[in-house]
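Protein chains in written order, with my numbering: chain A, 28 to 408; chain B, 28 to 408.
The block underneath contains the structure these notes are about, expressed in structure tokens.
Number of protein chains: 2
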Amino acid sequence: MGELTKLRAAPAAKAKRAAPVRKEDLPLGKILAGDCVSAMRKLPDASVDLVFADPPYNLQLGGDLNRPDGSHVDAVTDDWDHFDSFALYDKFTRDWLIEARRVLKPDGALWVIGSYHNIYRVGAILQDLGFWILNDIVWRKTNPMPNFRGTRFTNAHETLLWCSQGEKAKYHFNYRAMKTLNDELQMRSDWVLPICSGGERLKDDTGHKAHPTQKPESLLYRVLLATTEAGDVVLDPFFGTGTTGAVAKRLGRDWIGCERESAYREVATKRIAKELPLDESALKTMQSRKNQPRVAFGAVVESGFLKPGTQVFDKKRRWIAKVRADGSIECGKVTGSIHGVGKDLQGAPSCNGWTFWHYEVDGDVKPVDAARQLYLLAVED
Amino acid sequence: MGELTKLRAAPAAKAKRAAPVRKEDLPLGKILAGDCVSAMRKLPDASVDLVFADPPYNLQLGGDLNRPDGSHVDAVTDDWDHFDSFALYDKFTRDWLIEARRVLKPDGALWVIGSYHNIYRVGAILQDLGFWILNDIVWRKTNPMPNFRGTRFTNAHETLLWCSQGEKAKYHFNYRAMKTLNDELQMRSDWVLPICSGGERLKDDTGHKAHPTQKPESLLYRVLLATTEAGDVVLDPFFGTGTTGAVAKRLGRDWIGCERESAYREVATKRIAKELPLDESALKTMQSRKNQPRVAFGAVVESGFLKPGTQVFDKKRRWIAKVRADGSIECGKVTGSIHGVGKDLQGAPSCNGWTFWHYEVDGDVKPVDAARQLYLLAVED
DNA sequence: GAAGGCAGTGAATCTGAAC
DNA sequence: TGTTCAGATTCACTGCCTT
């Protein structure tokens with residue numbers, strides 16, 4: 028971070044006190060061709076209310092990857108995602124962030140989405156440039172791709188950074204709208220949303236996905252609803268197939284896109300043309316209810332509501348097993364989950380371990396489900 | 028990031044080919060006083076299996092920042108100077124990460140926990156030093172503090188980074204134990220755990236919380252269970268009230284702490300003294316089949332668990348092959364190992380013959396893996 | 001028509017021991 | 001150092017086809 032630190036923050040658009048930009052002078056509803064830095068240079072200072080950016084993640088993939096069933100994973104191998112070094116990626120990032128900063132109004136905001144491959148570099152650089160992080164948001168995917176080789180944790184989330192122009196800068200946050208959207212609870216920094224698939228996923232003529240990393244509209248929906256007003260101008264420097272434009276149009280926001288690839292520009296143009304502004308009542312029904320958390324037996328053990336080493340047994344005490352540290356149980360040579368061991372011992376097709384296994388508390392015998400209820404109570408506070 | 032990028036990874040402890048460090052020469056179960064950089068300097072190269080670090084987050088919170096030598100940095104909270112404090116924080120971060128890297132074994136791993144105030148700086152710096160991010164983990168708090176002023180999203184998570192020593196470095200991951208802990212589904216990168224409160228939260232004599240940022244034991248439990256083995260040495264450079272030590276002791280891991288504040292050291296010492304290790308059988312976890320001894324198909328045939336001449340077939344009976352005396356199989360003109368024949372017949376990139384091929388026993392159809400399990404049971408006794 | 005089986009797929013830094 | 005090959009490894013959801 029050395030060099031950057033010396034730069035100090037460009038004072039951003041703050042210094043410009045010229046006449047405010049007229050919306051008529053902006054290329055609203057247009058997708059600018061070329062790389063985003065050149066494209067943004069055509070825009071005046073302090074002219075947009077929000078920048079939403081989904082830059083390349085700089086994934087550094089090894090060889091091919093196959094699923095356990097032998098099928099091939101269609102990975103992101105496009106040239107635009109490849110950088111030879113962190114240094115080059117950092118320069119690329121700095122360049123587009125500087126332009127984004129110039130183009131943003133003093134009370135404008137920046138959103139960037141990324142994964143662990145790039146988001147720590149992006150985050151450090153935007154802080155160096157003077158952006159002020161308001162929240163980091165975790166998009167928790169309901170249906171991520173599994174880790175097929177069993178080598179790491181399933182990479183089940185991506186991260187968004189929401190920033191103002193500086194520590195003292197103003198910004199817009201529709202607190203009430205977010206709270207309403209979230210069943211009258213404050214909207215949290217973790218958002219549970221499915222990935223983009225099914226009918227929403229755009230296909231090319233051959234039926235292949237039109238873009239490798241299309242984002243779900245629900246994500247943009249929440250971003251725009253939370254941090255813009257109707258009539259605001261939203262700029263997306265990495266427009267892709269135009270999710271930002273489509274949702275902006277639906278929500279009555281103006282938009283400007285930048286996109287290098289003509290194929291993506293064409294798909295986006297057609298897509299947005301079909302989009303219609305949504306009426307208010309439809310907006311309200313788009314949010315899904317919060318889903319009941321599943322509780323893993325391991326989580327109950329981990330949290331101490333049932334200690335490793337505890338003996339558990341079925342109601343008739345035909346079998347006695349011992350709880351192990353990882354939430355597996357052991358009964359003689361049979362080990363596994365509470366469900367699997369109960370099933371195998373009984374020779375049954377299935378078994379609900381929560382009600383099958385019991386333990387003793389102060390002389391009482393209780394199903395292990397009682398420990399789950401204690402866990403849920405503690406977690407709910 | 029300029030300067031750092033040029034540094035590139037110190038080759039870490041890899042270069043050291045000296046005699047492996049003996050555990051007797053390490054200050055196991057001790058809390059080293061002083062700042063963590065000086066304390067870590069007393070430890071030999073390549074001597075610990077895991078570093079878990081919960082460094083100070085205090086960037087924008089009023090200048091409560093300390094240099095590695097323990098001296099206090101004067102508060103610099105005006106926005107003119109906040110880059111100076113970023114630079115100081117970066118230097119502090121780099122210093123302790125470099126020592127952590129030296130002390131870690133080549134196949135050791137690093138965990139760091141942080142919030143959006145510091146984690147982007149930490150992440151970029153550790154990448155610059157050559158650490159390789161394996162996952163970023165989101166600790167999703169079930170009971171976070173609300174945002175009282177309604178100005179932002181409720182900050183409901185913290186981030187952990189899990190890193191190996193480098194892109195090609197080895198590391199340990201107890202995949203099966205994690206899958207078991209999560210009810211037979213892969214453990215994801217988002218962990219839902221309550222914050223530390225209630226009886227677990229340590230209090231001082233006045234009933235005030237003993238430490239402002241005490242982490243829940245469940246968090247450390249999962250970290251240590253996932254990425255260490257019993258007997259491993261865990262180092263925590265920011266020991267605080269010793270959550271890492273307490274959980275390490277419980278799980279049969281050795282630990283070393285560093286802590287500047289004597290008050291925290293005292294609380295931690297008492298706390299850990301009370302902790303009891305789990306007995307060995309409770310510590311057993313589900314093992315990956317990768318760790319099981321390799322069994323040649325020929326050995327299973329040789330031992331009579333699958334007789335030469337037996338017909339084996341895939342689940343849909345598209346192909347039928349015959350087992351030969353040497354453990355090869357024959358399907359028409361295709362002959363070879365169970366894996367190779369399965370692969371060639373399907374035209375697949377690879378094939379696990381143990382689960383692909385089946386045989387009949389008493390009218391039941393079983394994968395040939397069942398014969399391997401019988402063989403393993405017989406051999407174990 | 002309903003239900004169930006089967007195939008396909010998504011921002012993925014995805015093996016390692018033996019020779 | 002590189003090459004070979006045994007063999008370990010997946011979750012949620014969509015959509016088409018069969019029963």
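Just so you know, even glycine gets a beta-carbon here, dropped at the ideal spot from N, CA and C.
Terminal residues of the alpha helix (DSSP H) in which residue i lies
i: His366 of chain A; result: Ile365 to Gln373
i: Ile299 of chain A; result: Ser289 to Lys301
i: Leu208 of chain B; result: Tyr202 to Leu208
i: Tyr386 of chain B; result: Here Tyr386 of chain B belongs to no alpha helix (DSSP H); instead the beta strand (DSSP E) covers His385 to Val388.
i: Gly325 of chain A; result: Phe324 to Glu329
i: Val64 of chain B; result: Cys63 to Arg68
i: Ala115 of chain A; result: As written in the sequence, residue 115 of chain A is Leu, which differs from the Ala given in the question. Counting along the chain, the alpha helix (DSSP H) containing Leu115 of chain A begins and ends at Phe113 to Val130.
i: Ala196 of chain B; result: No alpha helix (DSSP H) contains Ala196 of chain B, which DSSP labels as neither H nor E.
i: Glu414 of chain B; result: Beyond the ends of chain B as shown, which are 28 and 408, falls residue 414 of chain B; an answer cannot be given.
Beta carbon of residue i nearer than 8 angstroms to that of residue j
i: Arg280 of chain A; j: Asp263 of chain A; result: no
i: His184 of chain A; j: Val219 of chain B; result: no
i: Glu357 of chain A; j: Ser364 of chain B; result: no
i: Arg121 of chain A; j: Ile152 of chain A; result: yes
i: Ile283 of chain A; j: Pro54 of chain A; result: yes
i: Leu278 of chain B; j: Leu310 of chain B; result: yes
i: Trp138 of chain B; j: Pro82 of chain B; result: no
i: Ser330 of chain B; j: Tyr402 of chain B; result: yes
i: Val130 of chain B; j: Ser216 of chain B; result: no
i: Ala16 of chain A; j: Leu305 of chain B; result: With chain A covering 28 to 408 only, the question about residue 16 of chain A has no answer from this structure.
Residue interval of the beta strand (DSSP E) (run including residue i)
i: Ser191 of chain B; result: His184 to Ser191
i: Phe79 of chain A; result: Val75 to Ala80
i: Phe340 of chain B; result: Gln338 to Phe340
i: Cys223 of chain A; result: Looking at the DSSP string, Cys223 of chain A is not in any beta strand (DSSP E), and its letter there is neither H nor E.
i: Lys276 of chain B; result: Unbroken run through Lys276 of chain B is the alpha helix (DSSP H), Thr270 to Arg277; no beta strand (DSSP E).
i: Leu59 of chain B; result: Lys57 to Leu59
i: Ala348 of chain B; result: Ile347 to Val350
i: Cys378 of chain A; result: That residue, Cys378 of chain A, is in no beta strand (DSSP E); it is neither H nor E in DSSP.
Where residue i sits in the DSSP three-state scheme
i: Gln400 of chain B; result: helix
i: Arg249 of chain A; result: helix
i: Arg215 of chain A; result: strand
i: Pro179 of chain A; result: It is worth fixing the name first, because residue 179 of chain A is Arg in this sequence and not Pro. The answer is coil: DSSP assigns Arg179 of chain A none of H, G, I, E or B.
i: Asn93 of chain A; result: strand
i: Leu156 of chain B; result: coil
i: Lys236 of chain A; result: strand
i: Gly267 of chain B; result: coil
i: Ala406 of chain B; result: According to the sequence displayed, residue 406 of chain B carries Val and not Ala. DSSP places Val406 of chain B in helix when its eight states are reduced to three.
i: Thr362 of chain B; result: strand
i: Val395 of chain B; result: coil
i: Asp259 of chain A; result: coil
i: Asn145 of chain A; result: coil
i: Glu286 of chain B; result: coil
i: Ala136 of chain A; result: strand
i: Asn318 of chain B; result: helix
Sequence-distant residues of the same chain with beta carbon closer than 7 angstroms to residue i, five excluded per side
i: Asp396 of chain A; result: Trp381 and Thr382
i: Thr268 of chain B; result: Leu229, Ala237, His238, Gln241, Tyr291, Val294, Ala295 and Arg298
i: Glu126 of chain B; result: Val64, Met67 and Arg68
Own chain residues within Cβ distance below 8 angstroms of residue i, not counting five before or after
i: His385 of chain A; result: Val339, Phe340, Asp341, Lys342, Val392, Lys393, Pro394 and Val395
i: Ala398 of chain A; result: Val327, Phe332, Leu333 and Tyr386
i: Ala253 of chain A; result: Phe200, Asn201, Ala204, Met205 and Met214
i: Asp105 of chain A; result: Pro239
i: Pro376 of chain B; result: Lys370
i: Phe266 of chain B; result: Ile58, Gly272, Gly284, Cys285, Glu286, Tyr291, Arg292 and Ala295
i: Leu212 of chain A; result: Lys206
Cut-off 6 angstroms between Cβ atoms - residues of its own chain near residue i, not counting five sequence neighbours on either side
i: Thr271 of chain B; result: Phe79, Leu247 and Asp263
i: Val149 of chain A; result: Thr120, Val139 and Gly141
i: Met172 of chain B; result: none
Taking only beta carbons into account, state which residues of the stretch 164 to 188 of chain B come closer than 8 angstroms to chain A, listed in chain order. The residues in question are Ile164, Val165, Arg167, Thr169, Asn170, Pro171, Pro173, Asn174, Gly177, Thr178, Arg179, Phe180, Thr181, Asn182, Ala183, His184, Thr186 and Leu188.
Taking a cut of 7 angstroms between CB atoms, which residues from the stretch 245 to 257 of chain B lie near chain A? Residues passing the 7 angstroms Cβ filter: Ser245, Tyr248, Arg249 and Leu252.
What residues from the stretch 208 to 220 of chain B come within 7 angstroms of chain A, judged by C-beta to C-beta, listed N to C? Per Cβ criterion, the list reads Leu208, Asn209, Asp210, Glu211, Gln213, Met214, Arg215, Ser216, Asp217 and Val219.
Relative to chain B, which residues along the stretch 150 to 162 of chain A have a C-beta separation below 9 angstroms, given in chain order? Residues are counted here when their Cβ sits less than 9 angstroms from a Cβ of chain B; for the stretch 150 to 162 of chain A these are Gly150, Ala151, Ile152, Leu153, Gln154, Asp155, Gly157, Trp159, Ile160, Leu161 and Asn162, given in chain order.
Report the residues of the stretch 71 to 98 of chain A with a CB closer than 7 angstroms to any CB of chain B, ordered along the chain. So the close ones are Asn93 and Gly97.
Between the stretch 296 to 323 of chain B and chain A, which residues of the former have a C-beta closer than 9 angstroms to a C-beta of the latter? Answer set for the stretch 296 to 323 of chain B: Leu305, Asp306, Ser308, Ala309, Leu310, Lys311, Thr312, Met313, Ser315 and Lys317.
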